[in-house]
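Peer 1:
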Amino acid sequence: MSGERPREMSRSPSSSSQSTDITEPSLSEHTKTDPSASTPTFQRWRPAYHLQAPSGWMNDPCAPHYDPDTGLYHISYQSNLDLKNADWGDIAWRSATSTNLLDWNLQHEPRLSPDTHYDGKGVFTGCNVPSRDASLTYVYTSVSALPIHHTLPHPKGSESLSMAKSFDGGKTWRKYPGNPILPSEPTNLDVTGWRDPFVSAWPSMAAKLGLDPDNTLFGIISGGVRDVTPTTFLYSIDANDLTDWTYLGPLVNFGMNLRPSRWSGDLGKNWEVTNFLTLGDAHDATFSRDFLVMGTEGCLPSALSSVSSSSTSPSPSRPLRGQLWMSGSLAAGRQDGSPSSSLVEMRYKFGGHLDHGCLYAANSFFDAKTAKHIVWGWITEEDLCDELRHGQGWSGLLSLPREIKLQTITNVVWARSSRLESITSIELEEDNHGTHTLRTLASEPVQSVVERLRQRAVVRRARLSHPLPRRASYNLAFNSDDVQTTAWELDCSFRVSKRCSQIGLQIVHSRDFAQATTLSFEPSAETFTIERPSFRSSNSNAPINTAPERAPHTLFTTANPRKGTGHEEEPLHIRVWRDNSVLEVFVNGRTAISTRLYAAEETIGIRFFADDDSVFGTSFSASSSSVGESQLMYATLWDGIGV
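Residue 643, in the UniProt record's numbering, is where the sequence shown stops; the numbers in between run on with no holes.
Below, the structure written as structure tokens:
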């Protein structure tokens, strides 16, 4: 991707394109190699078990993959050549390897550096490519001119496509002598961007185009056609010659800032780091859907789920972008001779947010070892002002690895408040019982990683109370003896009554309860909110954005066709991972929010609450199981995970 804002990079001296074989410190050991790592400022907000650079700036995850020859997972990331520089610039690739997706061996020296005429301004995002010559192969965006931004004219050829190979398991890399393999965007297009290649087999696309699926790969390069549509540009690739790319046209063409509803977000003006994948239904081997996962730039302010600081606030504000997904049908494209002509198009059917918070530039791969689609995202430091970010000496990290899958719910009758047909993040299929089968995209941390994180943790179970205390109460389910670290996982589930106006949990940070992180669900508004504690600083020049994160969310009610009577609403299921200043939250598997907590060093405890009003709603029949009081069904805390 192009960085936070359109600006030139100040280049430092480049290193060789071939890195040497080095001894790599593990994630837990990297602090021993960096003198600044021992300082309180460096450690204050630094996470413990998330993957991040040894120091300095980092952003997009690049080229995640599994190498069966070595049994290692590989992931690279964009990084400033200078590990002491916490700003975007001089972008290179650094890498890490792991046997289990959690314990990473970090490499300090860049694997790919901006050191040639075609990539001297930056080695931007790319991917691993399945290769048939016993090598590991990366393709990446090679940048020769800056600034690059979707709001600026795009210099022709400023972004090109290049390739690098390793024949020793990723220890050293050589750039292809014939780089760039694609020197520029398609000549007849005025693009807003052309970067972040993703390559994989795509059997359904091969079938649509009548191509040999065994010898054809597909590549997409993200961007947009200026004043026409955001898109990703589709290519077919000869699997036996990875330099042979054939342009097929823009894959989507639905206009600027498509926003089907609040459930689906704003598809923006320009795309970055687009991935394609095909997901099947675990309960129906014949069912599958094609998906795109993409970062969307140029979103309209009113379309954003999470509320950033206002333009009059001194606090930092986030860029107008989102991390979205969509599913669509593959159809013959419009071949009318226009710049947006294409052999094939993906036509939008339904879509939503992969993450509603500060996660961006999600990049994924299919793990043949586990048969799972695994994705990482860049969790940004954009809520922190430059003074504090520079002071800590690092910026950004990668999320926990998440499994992307298709979530299927059968016998659905209704949602909590909205008409099912109005929820544009789901696909509905009517069945023979007057109910629906519902499908949507879901993502949660990879279970093997979750289990490994828990290995040394202290397990606590909440003291349940019936009824749940109201939000204004001071009852703690977990106290400071239960929550002794800032590295923990919480798994909890609620039954939400028909008359509930708000339900959730609070992480309490001060003994007067004035400072707290509140995770709450408002059933009637169908909104999940994370309210963050305010940052109190005597220095008005060091502000932090602590605005709340918001996401549309609902609960679905199902019927039992065998019994013929009785409806049951699904529980509100909340999973939380905290890692110092990082909070990753997952609600019912299909709503994810990543955020940062910069005013939460102390934890007094965790409490659960529900405000059950006396006025009943109108969405449910009297037979609904959610009539009555809201209940906490269970809550389990793992304290001290990953240590």
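Even for Gly, the Cβ is constructed at its ideal location relative to N, Cα and C.
Who pairs with L279 in a beta bridge, going by DSSP?
Peer 2: R289
Peer 1: Do R575 and A477 have their C-beta atoms within less than 8 Å of each other?
Peer 2: no
Peer 1: Quick one: give me the first and last residue of the beta strand (DSSP E) that R195 is part of.
Peer 2: 191 to 200
Peer 1: Go ahead and pull the three-state DSSP assignment for G640.
Peer 2: Note: G640 maps to coil in three-state DSSP.
Peer 1: Would you mind reading off the limits of the alpha helix (DSSP H) that contains E387?
Peer 2: 386 to 392
Peer 1: Opposite T518 in the DSSP bridges: which residues?
Peer 2: Q506, E531
Peer 1: What residue range is occupied by the uninterrupted alpha helix (DSSP H) comprising T41?
Peer 2: 40 to 43
Peer 1: Could you tell me the alpha carbon to alpha carbon distance between residue 649 and E601, rounded to whole angstroms?
Peer 2: The question about residue 649 has no answer, for the chain in this structure spans 1 to 643.
Peer 1: Hey, R590 and A362 are a contact pair by Cβ (cut 8 Å); roughly how many whole angstroms apart?
Peer 2: Not really, about 15 Å apart at Cβ, beyond 8 Å.
Peer 1: Could you tell me which residues DSSP pairs with T141 in its beta bridges?
Peer 2: L161
Peer 1: What would DSSP say about P147, mapped onto helix, strand or coil?
Peer 2: coil
Peer 1: Which same chain residues end up closer than 7 Å to V413 when comparing Cβ atoms and leaving out the 5 residues on each side of it in sequence?
Peer 2: T435, T557, T558, A559, H567
Peer 1: Exposed or buried, what is A331 when buried is set at 16 or more other beta-carbons lying within 10 Å of its beta-carbon?
Peer 2: exposed
Peer 1: Would you call the stretch 511 to 525 in contact with the stretch 495 to 502, where contact means no fewer than 3 C-beta pairs closer than 8 Å?
Peer 2: yes
Peer 1: Once DSSP output is grouped into helix, strand and coil, what is the label at K405?
Peer 2: The answer is strand: DSSP assigns K405 an E or B state.
Peer 1: Short of 8 Å in beta carbon distance, which residues of its chain neighbour A206, apart from the five on each side in sequence? Order them along the chain.
Peer 2: D212, P213, T216, F218
Peer 1: Roughly how many whole angstroms lie between the Cα atoms of E569 and F494?
Peer 2: 11 Å
Peer 1: Between the alpha carbons of T23 and S288, how many angstroms are there, rounded?
Peer 2: Below a pLDDT of 50, predicted positions are generally treated as unreliable, and T23, at 34, falls in that range; no measurement from the model is reported.
Peer 1: Could you tell me the boundaries of the beta strand (DSSP E) in which S364 lies?
Peer 2: 359 to 367
Peer 1: Among R532, T151, H108, S162, which has the Cα closest to the Cα of T125?
Peer 2: S162
Peer 1: Consult DSSP for residue 706 and reduce its assignment to one of helix, strand or coil.
Peer 2: Nothing about residue 706 can be reported from this structure: the residues present for the chain run from 1 to 643 only.
Peer 1: Among residues of its own chain, excluding the 5 on either side of R7, which ones have a beta-carbon nearer than 7 Å to its beta-carbon?
Peer 2: Interpretation of R7 is limited by its pLDDT of 31, a score under 50 that renders its predicted location unreliable; the figure taken from the coordinates is listed afterwards. So the list reads P147, once near-sequence residues are dropped.
Peer 1: Have a look at the DSSP bridge pairing and note the partners of P552.
Peer 2: T527
Peer 1: Can you name the start and end residues of the alpha helix (DSSP H) that Q78 belongs to?
Peer 2: Premise fails: Q78 lies in the beta strand (DSSP E), 72 to 80, not in any alpha helix (DSSP H).
Peer 1: Quick check on the DSSP output: the beta strand (DSSP E) that includes E489 runs from which residue to which?
Peer 2: 487 to 495
Peer 1: Provide the residue span of the alpha helix (DSSP H) that contains A448, from first to last.
Peer 2: The amino acid occupying residue 448 in the given sequence is Ser; Ala does not appear at that position. It spans 447 to 453 - the alpha helix (DSSP H) in which S448 sits, taken as one unbroken run.
Peer 1: Please state whether DSSP places P250 in a helix, a strand or coil.
Peer 2: strand
Peer 1: What is the rounded straight-line gap between the Cα of S473 and the Cα of R532?
Peer 2: 18 Å
Peer 1: If you draw a straight line from the alpha carbon of G617 to that of L83, how long is it in whole angstroms?
Peer 2: Bear in mind that a pLDDT of 41 at G617, under 50, signals an unreliable position, so the number given afterwards is only what the model happens to contain. C-alpha separation (whole angstroms): 56 Å.
Peer 1: How many angstroms separate the CA atom of P260 from the CA atom of A592?
Peer 2: It is roughly 19 Å from the alpha-carbon of P260 to the alpha-carbon of A592.
Peer 1: Quick check on DSSP: helix, strand or coil for A547?
Peer 2: coil
Peer 1: Between N270 and G224, how many whole angstroms is the CB-CB distance? I'm expecting something under 8 Å.
Peer 2: With 8 Å as the limit, N270 and G224 qualify as a contact, their Cβ atoms being about 4 Å apart.
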